[in-house]
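Okay, so here's the structure we're looking at.
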Amino acid sequence: MEFGVEEVFETAGMILFENFDIRAVTLGVNLKDLIDRDAGRLAEEANERLAGLGQSLVSEACALSESMGLPIINKRLSITPAAWLIEPCAQKDAPLLLAQGLDAAAIEGGVDFIGGFGALVQKGTTAADRRIMESLPEVLGSTQRLCGFLNLASTLAGMNMDAIARLGHILKDMAAAADNAVACAKFVAFCNAPEDNPFMAGAFHGGGEADAALNVGISGPGVVRAVVDKHPEADLTELSEIIRRTVFKITRGGELVGRELARRLGVAFGVVDISLAPTTAMGDSVGRILEGMGLERVGAPGTTAALALLIDAVKKGGAMASGRVGGLSGTFIPVSEDEAMIEAVETGALTLEKLEAMTAVCSVGLDMFAVPGDTSPGTLSAIIADELAIGMANDKTTGVRVIPAPGTKAGDSVEFGGLLGRAPVMPVNRFSGEAFVARGGHLPAPIRSLRN
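Take the sequence shown: its letter number 187 is residue 187 in our numbering, and every next letter is one higher.
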């Protein structure tokens, strides 16, 4: 892969003035060979392996960032789904023992987060799956850097409504397990979860992956916003082309970093996730891109169409630049991490229902939004089921990170700080869907699943 002088100068400008960075480098690690009937031994051996790999990842990523002049913000690990690892363990505290070992490895290795504490339960649950699910409040409430996930639906398998109904109660316990319900911010419920996602909280190392693989998440909302702002007279066809070219450039930079870092670590290069992921930094906002297209506020009529244009251009630009695009590869719209999204909620421009409509055309789903603390478990489950149904019916990834913040009401705000930002508490429809959720069972897969 060769870069011309003009492209190098362009990239330097993106870094200096438009917040372009490598948002995450995530090393996925297979731990299936460590499966043991003794949970303590499993945790100890996992800790030893992951701490060493984490130290290498952080050291090499920092050295590469300095040599290339391109910021690499987060260094992370992901593992084989934890439910697979504890399958033969008889100890009742096996999930907690494993979680403590994983969290200690992340701290010792110096990585920001470690993902994979979860299970794939879209069609049914094993005893190990249920143990992982029930341990989530204690595990995520007592650890610092561990993240969890559940894949509860897929286009091929349908939706596990029994597991979703139980999850509403688990989320309430998670919200009470740590200050500001932060345990909920470290957990995501998925439909069609990708096996090579570098972003937290949903990263895990899938069963079809190599022993280790390095996945890269790039991010350039500031870069895309800058080019949108520079072309106020462009029609939507021209604007799409401009965004596509811009994403092409930043994807090239991301793949260069990923391949070189994988080489230095001696592992396989996995994918470049081309998702536009906002941060709490001023100007690093997906919402501001949409407003730059002509929306008065995110949530105004036209928002879903503008987001559809953006995500289409992002995917086309990334796919042109690299043959290794994967993960989520879309547009993140987390409420708490995007200044424009926060403003839109606080001014009444963006409702939960409109946010859900937007997720029909973006890749990530209902992300990092807070609801009143008295929201019932059944309502939480119904919100999750609605969102996952969008992913299931449309053969796309959707997820939910919802924070039922104890003691809050609509209009309040929950301050997480750092990367997680601040979440205005959004009102929830006062009418109930709990009786629907309580029916349980399994939502059948859509007809499009019959593709053979």
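Glycine included, every Cβ here is placed at the ideal spot set by N, Cα and C. Keep in mind the model is a prediction, meaning the values are calculated, not measured.
### Query
When you compare only the Cα positions, how much space is there between alanine 165 and methionine 68?
48 Å
Practice item. Determine the contact status of methionine 320 and isoleucine 333, defining contact as a CB-CB distance below 8 Å. Key: no
CB-CB length for threonine 279 against leucine 419, believed under 8 Å
7 Å
Open item on the list: Please report the distance separating the alpha-carbon of valine 139 from that of alanine 119.
Closed with: 14 Å
Proline 446, DSSP secondary structure in three states | coil
Quiz item: Roughly how many angstroms separate the alpha carbons of isoleucine 289 and cysteine 362, rounded to a whole number?
Solution: 14 Å
Open item on the list: What does DSSP give as the partner residue(s) for valine 25 in the beta ladder?
Closed with: Lys75 and Val216
- Query: Hey, would you say asparagine 215 sits closer than 8 Å to glycine 148, going by beta carbons?
  - Reply: no
Contact check, threonine 398 vs glutamate 387, beta carbons under 8 Å: yes
Q. For valine 325, which of helix, strand or coil comes out of DSSP?
A. strand
* To do: Could you tell me the boundaries of the beta strand (DSSP E) in which isoleucine 403 lies?
  => 398–404
Practice prompt. Taking only the alpha-carbon atoms, compute the straight-line gap between glutamate 434 and leucine 64 and give it to the nearest angstrom.
Written response: 51 Å
Among residues of its own chain, excluding the 5 on either side of threonine 453, which ones have a beta-carbon nearer than 6 Å to its beta-carbon?
-> What the structure shows of the chain is the stretch from 1 to 452, and residue 453 is not part of that stretch, so it cannot be assessed.
**Asked** Got a sec, what are the start and stop residues for the beta strand (DSSP E) arginine 422 sits in?
**Response** 422–424
Methionine 159 and methionine 426 - do their beta-carbons sit closer together than 8 Å?
no
Check for me: the alpha helix (DSSP H) holding glycine 455 runs from which residue to which? As displayed, the chain neither begins before 1 nor continues past 452, which places residue 455 out of reach and without an answer.
task: Buried or exposed for glycine 327, please, with buried defined as at least 16 other CB atoms from any protein chain shown within 10 angstroms of its CB.
output: buried
Exercise. Across which residues does DSSP place isoleucine 114 in a beta bridge pair?
Worked result: Leu77 and Leu146
Report task. Compute the Euclidean distance between the alpha carbons of valine 267 and leucine 42, then round it to the nearest angstrom. Result -> 23 Å
(message) Along the chain, where does the beta strand (DSSP E) containing asparagine 160 start, and where does it finish?
(response) 158–160
Quiz item: What number of angstroms, rounded off, separates the C-alpha of arginine 451 from the C-alpha of glutamate 195?
Solution: 21 Å
Report task. Classify glutamate 353 as buried or exposed, calling it buried when 16 or more other Cβ atoms lie within 10 Å of its own Cβ. Result -> exposed
Quiz item: In angstroms, rounded to a whole number, what distance separates the CA positions of alanine 201 and glycine 323?
Solution: 25 Å
- Message: Suppose contacts are defined by Cβ-Cβ distances below 8 Å. Is valine 223 in contact with isoleucine 250 by that definition?
- Response: yes
Which word fits glutamine 122, buried or exposed, when buried means at least 16 other C-beta atoms lie within 10 angstroms of its C-beta? buried
query: Mapping DSSP to helix, strand and coil, what is methionine 282?
result: coil
- Message: Taking a contact to mean a Cβ-Cβ separation below 8 Å, would you say threonine 408 touches alanine 382 in this structure?
- Response: no
* Asked: Per DSSP, what kind of secondary structure is serine 275 in: helix, strand or coil?
  -> coil
| CA-CA distance, glycine 40 and leucine 34? | 11 Å
Q.
According to DSSP, simplified to helix, strand and coil, what is glycine 440?
A. coil
Query raised in the report: So the beta strand (DSSP E) glutamate 415 belongs to, where does it begin and stop?
Result: 413–415
According to DSSP, simplified to helix, strand and coil, what is threonine 331? strand
- Determine the direct distance from the alpha carbon of leucine 350 to that of leucine 443, and round the result to whole angstroms. 29 Å
CA-to-CA distance, glutamate 255 to valine 227, given in whole angstroms
22 Å
Measuring alpha carbon to alpha carbon, tell me which residue in Val345, Glu108 and Leu146 is nearest serine 413.
Val345
- Item | Run of the beta strand (DSSP E) containing aspartate 367, from where it starts to where it stops | 365–371
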